[in-house]
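What follows is a short report on a single structure.
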Amino acid sequence: MQLELRHLRTLRAIADHGSVTKAAAALGVSQPALTAQLRRIERLLGGAVFTRDHRGVAVTAFGEFVLARTRVVLAGVDDLLAAGPYELAGQAVRVGSFENPVVVTLVANLARALPESRVTLQTEHFVRVLVDMVANGRLDVALVADYPGHELRPHPSRGLGVVAVEPVFVALPAAHPLARRDEVELADLAGEPWVLPPPDGMGWPDHLLEACARAGFTPRGRYQLVEAGVRKELIGAGHAVSACQALHDPGERVAVLPLRGNPLWMRLLLIWRPSFAPHAPALLESARAAHAAVAARSPSYTAWTALHGRPPLPS
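Following the working numbering, the numbering of the sequence shown begins with 1425 at its first residue and continues without gaps.
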């Protein structure tokens, strides 16, 4: 048995209705048949998604993990199936990105270069969704990131260019004793509570966990967040530390510092659908210029490059 879209829709229906019986009625199947199917799905996934009692179902911690990704996948599929003639006719330029300041300039440049087109922007934490949306034609261009040992490989379904290579820094409360240093040892953060995001499908936080293991510890992931505002508040209030992009704007109560020895790296990539290839060189040049402009305004990154130089782009 392999996991299929109908299985994901089953999980979503049970979670939305809070009951196997109600979900079975909505799906037009019998309750025993749906219960048996749920058991097969949970065996395939390797854990219980729901607990059951006389009141209905409750989502387990493992189920929260599964359902978060289920909803992302189904949203992408539903969006694909609902594609209208406007987007498919090529009258829109559809841009996707994870949380990164470079995309703002990229979208502005596109709007100026293509005044007859409607430029749209979609952001996702689960970056693999953006890659898949470019591959299946639901996005024209996307800014994504990958990490050492988890590199995105070239594929006929998409073009790919490197915008920048940069180290990953760490965000600390400004009042933290380590915040007064020029750089921090990763091992010095072994005892700290960490903000760890859910996996993005591209190698994060896997790359962080691998580096921490090499430094001799497993980070205590007390908080699992994707919202940048909540993360900044937690760190600023002294409750946690977090890895962060080198260009991250920390605010007044957060210090952003390099890690000694640069154990963490990321690549910022521009990907595009094949039919958009004629625009790719100009877009890639624009994205690199936007990155350079943002980097020049970042005190922590400017200080780091003064010591190490700007990392070269891979050939």
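Beta carbons are placed, not taken as given, at the ideal position from N, Cα and C, and that holds for glycine.
Keep in mind the model is a prediction, meaning the values are calculated, not measured.
_Where Pro1723 falls: helix, strand or coil (DSSP)_ = Position 299 of the sequence shown holds residue 1723. Helix.
*Kindly indicate the opening and closing residues of the beta strand (DSSP E) around Pro1456.*
As a first step, residue 1456 is located in the sequence shown; it is residue number 32 there, counting from the start. Pro1456 -> not in any beta strand (DSSP E); alpha helix (DSSP H) instead, spanning Gln1455 to Leu1469.
*Residues in its own chain within less than 6 Å of Glu1466 by CB, not counting five upstream and five downstream?*
Locating residue 1466 in the sequence shown gives position 42, counting from the first residue. Result list for Glu1466: Ala1472 and Val1473, in chain order.
*What's the C-alpha gap between Leu1683 and Ser1724?*
Within the sequence shown, residue 1683 is the residue found at index 259, counting from 1. Within the sequence shown, residue 1724 is the residue found at index 300, counting from 1. Each residue's Cα considered, the two are about 11 Å apart.
_Ser1541 - DSSP class collapsed to helix/strand/coil_ = To locate residue 1541, count along the sequence shown from 1; it is residue 117. Ser1541 falls in the coil class under three-state DSSP.
*Cβ atoms of Gly1625 and Arg1518: under 8 Å apart, would you say?*
Taking the first residue of the sequence shown as 1, we reach residue 1518 at position 94. Taking the first residue of the sequence shown as 1, we reach residue 1625 at position 201. The answer is no: Cβ separation not under 8 Å.
*asked:* Using a 10 Å radius around the Cβ and a threshold of 16 neighbouring Cβ atoms, would you call His1732 buried or exposed?
replied: As a working mapping, residue 1732 is identified with position 308 in the sequence shown. Exposed, since its Cβ has fewer than 16 Cβ neighbours within 10 Å.
*Under the three-state DSSP convention, the category Arg1495 falls into*: As a position in the sequence shown, residue 1495 is number 71, starting the count at 1. Three-state result, Arg1495: helix.
*Count the other CB atoms, across all protein chains shown, that sit within 10 Å of the CB of Glu1548; report buried if there are 16 or more and exposed otherwise.*
Taking the sequence shown and counting its residues from 1, one reaches residue 1548 at position 124. Buried, since its Cβ has 16 or more Cβ neighbours within 10 Å.
*Rounded to a whole number of angstroms, what is the C-alpha to C-alpha distance between Leu1681 and Leu1610?*
Along the sequence shown, one-based indexing puts residue 1681 at 257. Along the sequence shown, one-based indexing puts residue 1610 at 186. Cα to Cα, the separation comes out at about 11 Å.
*With a threshold of 16 other CB atoms inside 10 Å of the CB of Ala1439, please say whether the residue is buried or exposed.*
Taking the first residue of the sequence shown as position 1, residue 1439 is located at position 15. Buried.
_Contacts around Thr1494, its chain only, beta-carbon distance under 7 Å, and the 5 residues preceding and following it disregarded_ = Along the sequence shown, one-based indexing puts residue 1494 at 70. Correct list, in chain order: Leu1432, Leu1435 and Arg1436.
*In three-state DSSP terms, what is Thr1642?*
On the sequence shown, position 218 is the one that residue 1642 refers to. Correct three-state label for Thr1642: coil.
*Minimum Cβ-Cβ distance from Gln1669 to chain D less than 8 Å*: Here chain D cannot be found, since the structure has a single protein chain.
*Using DSSP with H/G/I as helix, E/B as strand and the rest coil, what is Trp1628?*
In the sequence shown, counting from the first residue as 1, residue 1628 sits at position 204. It is coil, neither helix nor strand.
_Expected contact under 8 Å - CB spacing of Leu1707 and Val1490 to nearest Å_ = As a first step, residue 1707 is located in the sequence shown; it is residue number 283 there, counting from the start. As a first step, residue 1490 is located in the sequence shown; it is residue number 66 there, counting from the start. With a Cβ gap of about 36 Å, Leu1707 and Val1490 do not count as contacting.
*Excluding the five sequence neighbours on either side, which residues of its own chain have a C-beta within less than 6 Å of the C-beta of Gly1645, listed in chain order?*
Within the sequence shown, numbered from 1, the residue matching residue 1645 stands at position 221. Around Gly1645: Trp1618 and Leu1620.
*Name, in chain order, the residues that DSSP records as bridge partners for Cys1668.*
Numbered from its first residue, the sequence shown carries residue 1668 at position 244. DSSP lists Phe1593 as partners of Cys1668.
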